[in-house]
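One structure is given here, and the rest of the page talks about it.
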Amino acid sequence: MIFLKTEDEIELMRAANQLVAKTLAEVGKHIKPGVTTKELDRVAEEFIRDNGAVPTFKDFPNPCGGTPFPASICTSVNDVVVHGVPNDTPLANGDIVSVDCGALLNDFNGDSCYTFRVGEVTEEVAQLLDVTKKALYEGIASAQQGKRIGDIGSAVQTLCESHGYGVVREFVGHGIGRKMHEDPQVPNYGRKGNGPMIKSGLCIAIEPMITMGSPKIYMTEDNWTIKTRDGKPSAHFEHTIAVHKGKIEILSSFEDIEKAN
Ligand code: MG
Ligand code: MG
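First residue of the sequence shown: 8, per the working numbering; consecutive thereafter.
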């Protein structure tokens, strides 16, 4: 069941997503060789709570029956696709780390992810990040009122596969509102004209998870961390958007992140 949002609800969604954007920018300021992802998690949790919100990911139930998620952000380094658990391993020059963040503010959820470079990355990796981010924006541009969810996935898939990249199938974007994960699912692949119709009031998180090589993945024994099977790097960018007033509004933002970097 898709919950279309009122203007008042979209206002609250905007506030939650702006807080997530500011949290990611705050985390981004600390990303450099030598910092651990656990330290980044501390920065995020403190920032979210200081702003009167709750980190949604903390203690999130494990869909595979394992332990709940122990941290406030997912930190996915290099060949980790998503759901990386913050740990004590220092980041190294040339790494990439995707930081996925969710916050609940006044009963509504924000959700956004940015893949950061640690120091200098190779040309090849830089291109993976650029294309994945571009795919996110092409997906967003395809989410016009009256189109269908498949138009979004088709746009993301077409661009990424034209670069020889893999589109992860097992994880998808989603509706978002009072719950972090609502209907509909928003795959990063699909066919134009397929899937649920995009109506005014729809709020969704679009989040391409794109691999440099094969899209095949596996879960490690912690029951959270998802890695590429071929060990090649993977990128992940996510915005939460609202379709309303005949427009597409991006509720989250990368502006502060990119100003600081
Ligand atoms: Mg997310
Ligand atoms: Mg999401």
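Think of the CB as a built atom: it goes at the ideal place given N, C-alpha and C, for glycine as much as any other residue.
Given this structure, state the Cα-to-Cα distance separating residue i from residue j, to the nearest angstrom.
i      : j      : result
Glu33  : Ser119 : 14 Å
Ala212 : Pro77  : 23 Å
Gly73  : Glu131 : 35 Å
Asp229 : Lys199 : 37 Å
Cys210 : Asp95  : 35 Å
Gly205 : Gly182 : Reading off the sequence shown, one finds Ile at residue 205, where the question assumed Gly. Their Cα atoms are separated by approximately 11 Å.
Thr122 : Ser83  : 9 Å
Thr165 : Gly253 : 25 Å
Gly41  : Gly197 : 40 Å
Gly160 : Gly146 : 7 Å
Less than 8 Å separating the Cβ of residue i from some heavy atom of ligand 1?
i      : result
Glu189 : no
Gly182 : no
Cys120 : yes
Gly109 : yes
Cys167 : no
Cys81  : yes
Just to check, is the beta-carbon of residue i closer than 8 Å to a non-hydrogen atom of ligand 2?
i      : result
Glu245 : yes
Ala150 : no
Glu214 : yes
Leaving aside the five residues before and after residue i along the sequence, list all residues of the same chain whose C-beta is less than 6 Å from its C-beta, in chain order.
i      : result
Glu52  : Pro62, Ser79
Lys140 : Phe244
Pro68  : Pro75
Asn24  : Gly117, Thr247, Leu258, Ser259
Phe54  : Thr30, Glu33
Within 10 angstroms of the Cβ of residue i, are there 16 or more other Cβ atoms? Answer buried if so, exposed if not.
i      : result
Asp158 : buried
His37  : exposed
Arg155 : buried
Thr227 : exposed
Pro75  : exposed
Cys81  : buried
Cys167 : buried
Ala28  : buried
Lys12  : buried
Within a Cβ cutoff of 7 Å, which residues of the same chain sit near residue i, ignoring the five residues on either side of it in sequence?
i      : result
Tyr225 : Lys234, Arg236
Asp102 : Val84, Asn85, Val125
Glu152 : The amino acid at residue 152 is misidentified as Glu; the sequence shows Gln. Excluding positions up to five away in sequence, the list reads Ile205, Lys206, Ser207, Val250, Gly253.
Ile264 : Leu31, Ala32, Gly35, Tyr121
Ala267 : Ala32, Gly35, Lys36
Please name the residue or residues paired with residue i in a DSSP beta bridge.
i      : result
Asn201 : Asn201 pairs with nothing; no bridge assigned.
Met226 : Ile233
Glu256 : Ala249
Asp107 : Cys81, Cys120
His243 : Met216
Ile211 : Gly182, Ile248
Gln192 : His181
Val87  : Lys234
Using a Cβ-Cβ cut-off of 8 Å (strictly less than) and excluding sequence neighbours within five positions of residue i, which residues of its own chain qualify?
i      : result
Asp114 : Leu19, Arg185
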